[in-house]
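Here's the structure we're looking at; comments come further down.
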Amino acid sequence: MFGGEAGLQLYGNYAAWKFDRVGVDKIMVDFKSKAFSIKGGVMFKNGDEIYGTGFRGEVAFCLIDKFNLDAVAVFGKKDDYRYFLTDVFLELSPSSGITVPPALSFYGFGGGFYRQMQQSYDPNINSDFGKSLSGINYVPDREVGMGLMAAIKFGLVGTSSTFNAKVSFEMQFNQYGGLNFIQLRGDAAFMDTPEKWGKLADNINDKVKKLEEAGGKLKLSAKSDLKVPENKSGGFLTASMNIKYDIANSVFSADLSAYLNAGFIKGVGENDRMGWASAYFSPDKWYTYIGTPSDRIGVEVLGLARLDGYFMIGDDIPELPSPPQKVLQNFSQAKQDQLTKRAEGAQATGSGLAFGLSLGVNFKAKLPPFYAKIGAGLGSEFLLKNYGSSAYCLGGNSTLGINGWYARAQAWAWVEADIGMEAKVFAKNYKFSILDISASALLAGAGPNPFYFTGAVGGRFSVLGGLVSGQCDFDFEIGEECIIRGGNPFGVDVIAQLTPDVGENDVNVFASPQAIFNIPVGLEMEIDEEGHKVFYKVSLEEFKVFYKETNQKLEGHTELDGDGKIYLLDPAEPFESQKEMIVYAKVGFKRKLNGEWIDVKGNDGSPFFEIKEAEFKSGDRPKEILPEHVKYSYPVAMQYNYYPKEYESGYILVTENYSYLFSTEKPEGYDQVMMFTDADGKNTQTNFSYKTNSAGNEIRLEVNFSTHDIQFSNDEIYKMAILNIPQSTTSGISSNITTSESNMEDNEDITLTTQQAEGTLDMLEQKEIYALHFRTSSYNTFTEKMNAIPNYEGVVWQEYPYVYNLISNIFDASATTEMFDFAENNSLYSEQNLIRIKPLYNNTDWYTNYVADLMYENDEALAAAKMTGLQPPDNIDVIKYSLRTKDNQLTEDMVESNSRPYVSKYGAFHNRIAYYIDQDFINIRNALANNLVNINNSSNNVAKLLREDHIPGLRNGKYEMQVYYTLPGKDIITSSVKRIVNLTNFID
Amino acid sequence: MKTFKTVTIVLAFGILFSCRKEDDLNKQPSDPKLKAPINGSVTDYDEVTFEWDESTDPENDEIDYTLFISNDSLNWKSYSYVNSKTKISNNEQTYLYYSFEPGKKYYWKVKAENKFQVNPPQQETGEAISKTFHFFTMPNSVINLRDTSGHEFVNLYWEDPQNLDYVEIRVEPEINNLTQPVIIDAGVQKLELTGLENGTIYTFFVKACNILGHISKANTLRVMPLDPTQVHDADFNIYNITQIGEQTWLRENLRTTKWQDGTPMENQYGDKYYVIGSQSDIYGYYYYPSSFNNSAGKNPCPYGYHVPTDEEWKELEKFLEMPEDEIDDYCDYSNTYRGEDFNVGNMLKSVTGWLDYNGENGNGIDFYQFNLLPAGYIFNGEEIGFGELSILYSSTNEGEYFYKYRGFYNNTSGIKYCQTNLSISIRCIKD
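What follows is the structure, given as structure tokens:
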């Protein structure tokens, strides 16, 4: 019988009523004979939205019901790439399979290839074009490389029920053609029929199901994928295996599970699992396990006897388990706690060897009215493990064992019996125990370094339902038990806080993220551990700040404060505006072992770290330089006395990196200039330059400009500003309007004016990046001013006995009193004062006549005090101006109204050399006192100083000093003036 | 009968011994034995104690004593019915008075007389006279002892008394390298000591020795050397000084209990002219006007200083740039303060100690180390305004009872000018 089907589509030009072409959708064929049948067809796609252009062929062939072949092929092209899918099933009967001498017969094959196609689970695809034999739709996907899935069935020739197996084979290629892995998985059955494996197509469907779970991509099977064989329920002995080789990562692994259920004898594991084995080899780890202490292999006979054990070699060897509860129950509670705690708290990992064996017997019998329960067990375990050269016992200061190798062993035994009577009284069962007895013993040891032995025996008995009862226990310990425990030794989180904190928004873009620690980083700390002093320290492993979106790390200057409790990053660039960011800190722990610092490890055997991170969101970058970020400028903001000819340059020193205002975020269509504007609005422009300093510097941005060409007037208030000025000079409401004039056609006297807008009006306005105000002095230079302000004879105030302040009054007699201003003399930080005054000691009579020999030129005394080279004090606070008007500077009101403040014309030099020299005197005397034991036969010069209990009081004479004018933040001295104060009418 | 005879004999003896023979003479008492002043001794002349052994009388008659004193052994002044220990004072207000003079020789003797004075008059009076002793009164000490002191030095000056041989001086506490006593010959009349410790009170004991070798009583003088920036009051409290313009002021409020001459600052009834507050160790004492305005003209300030007059206050205010048109603004209750716009008050107020006012800093700038602390004042025993204000007297009165003051407050940088008679602070100024 032969049947067929075809689909045609006719295309024509509707407008012209003309035939265009014929489109073929599909061609199908269906043929059956007695020997075989064939069914199939070809399907076409042309310009399909999903599949592009291509065709699909499929065929099902059956030969005398013994040979079944199903096949599908899809080929196509979409966009600029090609794709294909092939899928085939071939399945024979076990007796007609392909024989591999001498005993195996392969009788089922299935699988397929695909390339640049991807499984799709989109329900909206209403087409069978990409459907595989398994029923899954494939759609073209440029990103997918090549994939292969295959499965085979095989068994023993002739007696396939003795042994048969089903194995699947998976390979995956990456998009570059490389092989990612090969995997062989399967189950085997002994003494069972092969039909239980089901059809091979079903197996393929299983794979597909797995693919669905994986989102459509092949993945390497995990160890947990090793499941109970499908035919386990009927088999006597079944096994499953999983062997794979991860080529990309050079990992070989093999897992095997064997199940035994012979009725009277069964495996001890779940689902009668008798044993399991796992082997794993990779460049950095290897092991072979045949059972573990917690998942043993073994058999159980009739529920009466149980034999189990394990053998492990390689990495990740766990600690010895605690003895069974039946052993522990007879020991004292303290001993039970110790044994239990040891197993729970121990560091679990290490490489080495472990094995153990245990045997238990339980017997129950009834001979009415008597009953008996008798049980006994014994076991032993051995462990030899390399904990590593950095392993230690709590409280120890040297490596555990021999270079980290340490052995543990334990052996135990228990026995219990309960014999009694059971009888029914008044329809209820009652039990009367005649003898209830149990006993157990444990012997355990560990060593070497430290050697440790412990043992315990215990027992209890109860006779005649408790009429006579008792218990006993005894235990001993020799040596010191080694407790291996890793992790944080301090008991508190080391990282206390991160800034910015979690969830903070609008974080200042100039912020310096910090990690704040509860325990100082890098500081060696002594800790009491099990009664021994040991040393730990915290190490900062990583601190970073990065953008969440791009993972881009911030570069910058990092700094740990002196206490080791704050670590910060001063970023090179401010945060970008409105970005989600993460600050991340990771600390590790070091412990001193054998005199060296080693990493403290966690229970998994790898170095232990504490990690904390906080996500925050940055604010906006400022569009102008904020005044609080200007550390220094010249002219100074609100400066009252700016001397126009003192220094013909100006600058602004900024603590944050605002360079983006002049580069990446400089607005288009603007020029940037420095502009000086007087109170009348008359302005002068000058250019400026800028440079940045790396993170970690106090000054991050420096703006420099020249004032040479600016004609400043005296006693005038100016505004100094960095401006963005529109480049277009025609800005205004009509700047985008063009006007044209023409005469009206019928009346030439009338002019028609037409206007047209060109583009959108963009009103560009002048914008300030930074501005400050200052006033010019009545004097052009500092020296000129000093010449106009004399000083008078000195007077003294006593600060405390023998220590005097020397005062010399000054008087500003000029018409416009301006004296000295806040910036010159009374800055918030005195070291920033523009005026600095230093004593000229060599021209000061009191110093040369009374002090020098006694102190600063008394080399023997200074040497004895270990203060050789000590110089008389000249810091900024030794001599200062003292002014009646201390905070003389411009205010907003003055700027607005162009007014001037009241300034007192009185002031004084305030000279405290005696006070500061007295501080040195006290220090020298204290140092001499502290070093007295080293001073033998004090020389006359040392004795001379020791004889005095105070410095010489000030005396009449000359006191000279030098007055400097210094630029803020740059320490450039632009002027220097000498002054003398005469002290008379005091002590000669 | 035997009993009768015995009684008769006893009676006969009793009559015999109880009767006196009418023609017996009165017998003299024994001579008084002079004990003090010892013959030839030197004694104080403010008061001399005369002492002798009492005489005995043969008939046990009562004895009366008469003391005789003479400065030339010719003319005697007698004191009848005195005891065997009698004090004769140099104070003429007293009954037993003698005008002893320093450095003189005196004589004395005692007459003992019994009281047997019965009729008939032919009976003799019984009397006995002692030997005549002489003694010397102490010589005069130095005259007009005074001192000058300064930075680590003290100078003593005096005038020599008559017949001076030398002057002997001791000082406490001891001074290094100074051998005591210091002997100064007649005619030198001064002692200059250097290397002393400033702020220490030195007590000098000065005695004069005349040509007879007799030593006078000690004149005492307490002196405190100080450096030129300090002065002390009569209680030896030390004050620092400061110069403001042409004036020199103390840097602390007055805290003495004595006037400059050392007498207690109180009236005859013991009422004190000052009040001591709970924090007077910091803020000084509080004085009533009578402390500086009293009929005796006594001055509470340290030597060379006085309570400032109103004009002296104004001179200070002018120097501190108080505007001319505000300086006479007297008792203005409109809550405006003189010199406020020019910070005049703050020039004097201390830089710490003043309470904030409505969140504003109440401290001054203390430009001239005047160090004016907010001492408040005391009214009816109640301490008012600690931390908030300071009121200082001038010695210029306004009417009969009030005196002008300057007030400083934590809510203004100006100065109030008005009158009061309460107990307030005093800040002294140099003469």
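As you go down the protein sequences, you meet chains A and B in turn. 1 is the number of the first residue of the first sequence in my numbering; add one for each residue after it. 1001 is the number of the first residue of the second sequence in my numbering; add one for each residue after it. No residue lacks a Cβ here, since even glycine has one placed at the ideal position from N, Cα and C.
Leaving aside the five residues before and after residue i along the sequence, list all residues of the same chain whose C-beta is less than 8 Å from its C-beta, in chain order.
i	result
asparagine 1421(B)	Tyr1288, Pro1289, Tyr1401, Phe1402 and Tyr1403
phenylalanine 820(A)	Asn641, Ile835, Tyr881, Leu883, Asn888 and Gly907
isoleucine 527(A)	Pro489, Phe490, Lys533, Val534, Phe535 and Tyr536
tyrosine 1337(B)	Gly1345, Tyr1409, Thr1412, Ser1413, Gly1414, Ile1415 and Lys1416
Exposed or buried, what is residue i when buried is set at 16 or more other beta-carbons lying within 10 Å of its beta-carbon?
i	result
histidine 950(A)	exposed
cysteine 393(A)	buried
lysine 1349(B)	buried
threonine 1220(B)	exposed
glycine 595(A)	exposed
proline 1302(B)	buried
asparagine 1005(A)	The first residue shown for chain A is 1 and the last is 988, placing residue 1005(A) beyond what the model contains.
phenylalanine 476(A)	exposed
tyrosine 902(A)	exposed
methionine 525(A)	exposed
asparagine 249(A)	exposed
lysine 341(A)	exposed
glutamine 1093(B)	exposed
Considering only the beta carbon of each residue, do residue i and residue j sit closer than 9 Å?
i	j	result
tyrosine 1286(B)	isoleucine 1276(B)	yes
tyrosine 1409(B)	leucine 1392(B)	no
asparagine 1343(B)	isoleucine 1365(B)	yes
threonine 817(A)	tyrosine 643(A)	no
asparagine 911(A)	valine 963(A)	no
arginine 1427(B)	leucine 1254(B)	yes
In chain order, what residues of the same chain have a beta carbon less than 6 Å from the beta carbon of residue i, not counting five sequence neighbours either side?
i	result
alanine 446(A)	Arg408 and Tyr452
tyrosine 804(A)	Val796, Gln798, Ala914 and Leu954
valine 703(A)	Ile652, Phe688 and Tyr690
lysine 217(A)	The predicted position of lysine 217(A) is uncertain, since its pLDDT is 47 and thus under 50; no value can be drawn from it.
valine 301(A)	Ile265
leucine 1226(B)	Asn1198
Secondary structure at residue i, three-state DSSP: helix, strand or coil?
i	result
phenylalanine 1292(B)	coil
glutamate 824(A)	helix
isoleucine 837(A)	strand
methionine 1347(B)	helix
glutamate 793(A)	strand
lysine 1314(B)	helix
alanine 511(A)	coil
lysine 944(A)	helix
leucine 983(A)	strand
isoleucine 625(A)	coil
arginine 142(A)	coil
Taking residue i and residue j to be in contact with their CB atoms under 8 Å, please state how far apart those CB atoms are, rounded to whole angstroms.
i	j	result
valine 1167(B)	alanine 1208(B)	5 Å
asparagine 1144(B)	glutamate 1159(B)	5 Å
threonine 1049(B)	lysine 1104(B)	17 Å between Cβ atoms; not a contact.
aspartate 1261(B)	serine 1130(B)	In fact, because the Cβ distance is near 47 Å, the residues do not count as touching under 8 Å.
serine 315(A)	tyrosine 287(A)	Checking the sequence, you will find aspartate at residue 315(A) rather than serine. Between tyrosine 287(A) and aspartate 315(A) the Cβ distance is about 5 Å, and since that is below 8 Å, they are a contact.
leucine 945(A)	leucine 854(A)	6 Å
leucine 1049(A)	serine 132(A)	Lying outside 1 to 988, the shown extent of chain A, residue 1049(A) is not represented and no answer is given.
glycine 54(A)	lysine 45(A)	5 Å
Kindly list the residues whose CB is nearer than 7 Å to the CB of residue i, restricted to its own chain and excluding five residues on each side of it in sequence; keep chain order.
i	result
glutamate 1317(B)	Ile1327, Gly1339, Val1344 and Ile1415
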